[in-house]
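Engineer:
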Amino acid sequence: MVVISLGGSIISQEEIDEEYIFEFRRFLERMGKKEKLYVVVGGGKTARRYIHAAQRIGMDQYTLDVIGILATRLNASLLLGRYSYPKVAESIDEAYMAGKNYNIVIMGGTEPGHTTDAVSLLLAERAGEKRVINMTSVGGIFDKDPKTNEDAKLILRLSYGEAEKLFLNRKMNAGLNLPFDLLSLKIAERSGIEIVIIGKDLLSLEKVIKGEEFRGTVIGSPNFENGKKG
Ligand code: UTP
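Written out as structure tokens, the structure is:
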């Protein structure tokens with residue numbers, strides 16, 4: 175069983191990336207014949223546009239989150255198919271139960287107060303899965319901002335403690351966004367779930383699923399190896 179957190183910015187920028195969604199759907203249809211996959215989809219630009227508008231209207235934070243969740247579900251709905259549980263699952267329990275009858279289950283956010291990354295970790299906890307694959311536009315964690323530093327190096331491994339330090343340092347350094355949040359990290363740590371951060375490339379995704387070598391960052395306990403199943 176595989177839990178994938180698909181960063182919203184991969185599918186929703188200024189435009190919806192229909193080509194990528196088409197490829198992702200084909201991937202799900204093919205992989206779903208032999209693997210059970212849960213895909214948690216983020217809000218991307220769709221969420222940011224609506225949250226921004228709601229903020230300017232003066233809505234409260236809780237309602238902004240509710241609007242964000244709706245955006246994640248809207249994005250998620252583009253991955254539904256004959257191969258999947260026929261609706262976007264709205265809770266961890268619904269997704270988990272749907273996984274008993276379907277190999278592919280698609281969901282977005284659940285409750286206000288966290289992100290879809292946290293949802294993917296909670297789902298992994300619920301399903302007893304020890305790994306979450308986090309697909310982001312950046313493709314991993316780098317020692318410097320790869321957008322402005324040509325010599326930025328990909329960090330292959332981080333312990334939960336190191337990732338937390340990095341998170342707290344970089345939080346004060348705007349522009350160097352990390353593809354995970356502190357809550358997700360804490361959930362991963364309490365249950366010993368590895369977070370595998372890769373880019374949008376579907377070949378890399380397949381390699382991670384098959385336990386082959388891949389390019390990306392793994393966050394986990396200090397004694398683990400990149401590319402090997404825990
Ligand atoms: P995302 O998971 O896409 O948030 O959910 P994000 O990590 O901020 O976005 P990226 O990865 O940088 O693109 C979008 C928004 O929806 C709400 C939050 O407001 C979140 O910022 N949300 C999402 C929830 O409140 N609960 C959820 O379970 C999921």
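Sequential numbering from 175 applies to the sequence shown in our numbering.
For glycine and all other residues, C-beta sits at the position ideal for the given N, C-alpha and C.
Please read these numbers as outputs of a predicted model, since none were measured by experiment.
Let me know the secondary structure DSSP gives F388 once reduced to three states.
Structural biologist: In this structure, F388 counts as coil in the three-state DSSP scheme.
Engineer: Going by DSSP, which residues form a beta bridge with Y212?
Structural biologist: V177 and V279, per the DSSP bridge assignment.
Engineer: Tell me the rounded alpha-carbon separation between E192 and I185.
Structural biologist: Their backbone Cα atoms lie some 8 angstroms apart in a straight line.
Engineer: Could you tell me which whole beta strand (DSSP E) segments of length 3 or greater appear in the stretch 194 to 281?
Structural biologist: List check, beta strand (DSSP E) in window: 211 to 215 and 278 to 281.
Engineer: With respect to 7 angstroms, is the separation between the Cβ of A245 and the closest non-hydrogen atom of ligand 1 below this value?
Structural biologist: The answer is yes for A245.
Engineer: Would you check if the distance between the CB atom of L332 and the CB atom of L340 is smaller than 8 angstroms?
Structural biologist: Yes, they are a contact pair.
Engineer: CB G181 to CB G206, shorter than 8 angstroms?
Structural biologist: It is not a contact, given that the beta carbons lie outside the stated cut-off.
Engineer: Tell me which same chain residues have a C-beta within less than 8 angstroms of the C-beta of M175, skipping the five on either side of it?
Structural biologist: Cβ neighbours of M175 beyond the five flanking positions: E209, K210, L211, Y212, G273, A301 and E303.
Engineer: Quick one: is the Cβ of G181 within less than 7 angstroms of any heavy atom of ligand 1?
Structural biologist: G181: yes, Cβ under 7 angstroms from ligand 1.
Engineer: Find out if the Cβ-Cβ distance for the pair R480, L244 is shorter than 8 angstroms.
Structural biologist: A query on residue 480 cannot be resolved here, the shown segment of the chain reaching from 175 to 404 and no further.
Engineer: List the DSSP bridge partners of N308.
Structural biologist: According to DSSP, which records beta bridges pairwise, N308 is partnered with S179 and I371.
Engineer: With DSSP as the reference, please indicate the residues paired to I315 in a beta bridge.
Structural biologist: BP columns for I315 point to I329.
Engineer: Could you give the distance in angstroms between the alpha-carbon of F388 and the alpha-carbon of S378?
Structural biologist: Taking the straight line from one Cα to the other gives about 6 angstroms.
Engineer: Regarding D234 and ligand 1, is the C-beta to nearest heavy atom distance less than 7 angstroms?
Structural biologist: No, the Cβ of D234 stays beyond 7 angstroms of every heavy atom of ligand 1.
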